[in-house]
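Novice: Encoded as structure tokens, here's the structure I'll be asking about.
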Amino acid sequence: MTQPQPAFKESDAHGTTFTIGELAREFGITTRAIRFYEDEGLLSPLRMGTKRLYRRRDRARLKLILRGKRLGFTLSEMREAFDLYDDAHGESRQLRYYLKVLDEKREHLLRQREDLEETLKELEHSYAHCEQLLSAQEKAKQDRKADTANPEPPGDIDRPDGGEARLKTGS
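Counting from 1, one number per residue, gives the positions in the sequence shown under full-length UniProt numbering.
Written as structure tokens, this is what we have:
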């Protein structure tokens, strides 16, 4: 993946604006992803005909969206945080909301880690058991091979009737 490139372009009376391509390059994502976030109501670019112009606010939101995505935030959680920010007391409410969601995500990850550790223990136990079984099978196979390669010589064979085996002679 290519390194994101900073996108800075002075524009009209609206201040610094960015094209969809500039933001895509800067953040290393596709223009389709940016349009998706726009369709979801997370970004609201200016429209000049068919051209979209993204303001600093949109750029900051996109950065937060991508950070939230890495942290496991859902789109609705990000939308709610953005809505809180737009409120009159938004910043502090938004921060409290983020703390709440981050706590929930942290607890979820800790539970997942515990589950993973338990699963790894079970896997290691199964692995050791399989190794023991395989080792026993290979030893038994080697023992059978050794028995067929070196059969015991006939000799003192016990007879079922308890008597001794004798060679018959013609006389």
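We put the beta carbon where it would ideally sit given N, CA and C, even for glycine.
1. Over what stretch of residues does the alpha helix (DSSP H) that includes L46 continue unbroken?
2. Looking only at C-alpha atoms, which of R70, L71, L109 and L64 sits nearest to R79?
3. Report the rounded CA-to-CA distance for L66 versus K121, giving the unit in angstroms.
4. Take the Cβ of Y54 as the centre, count every other Cβ of all protein chains shown within 10 Å, and call the residue buried at 16 or more, exposed below.
5. Helix, strand or coil: how does DSSP classify L53 here?
6. Please confirm whether L42 and F73 have their CB atoms less than 8 Å apart.
7. Tell me whether T119 is buried or exposed, calling it buried when 16 or more other Cβ atoms sit within 10 Å of its Cβ.
8. Under the DSSP definition of a beta bridge, which residues are partnered with F18?
Specialist: Let me lay it out:
1. It is not in any alpha helix (DSSP H) - L46 instead sits in the beta strand (DSSP E) that spans L46 to M48.
2. L64
3. Cα-Cα distance, rounded: 35 Å.
4. Flag for Y54 reads buried.
5. strand
6. no
7. exposed
8. Y54
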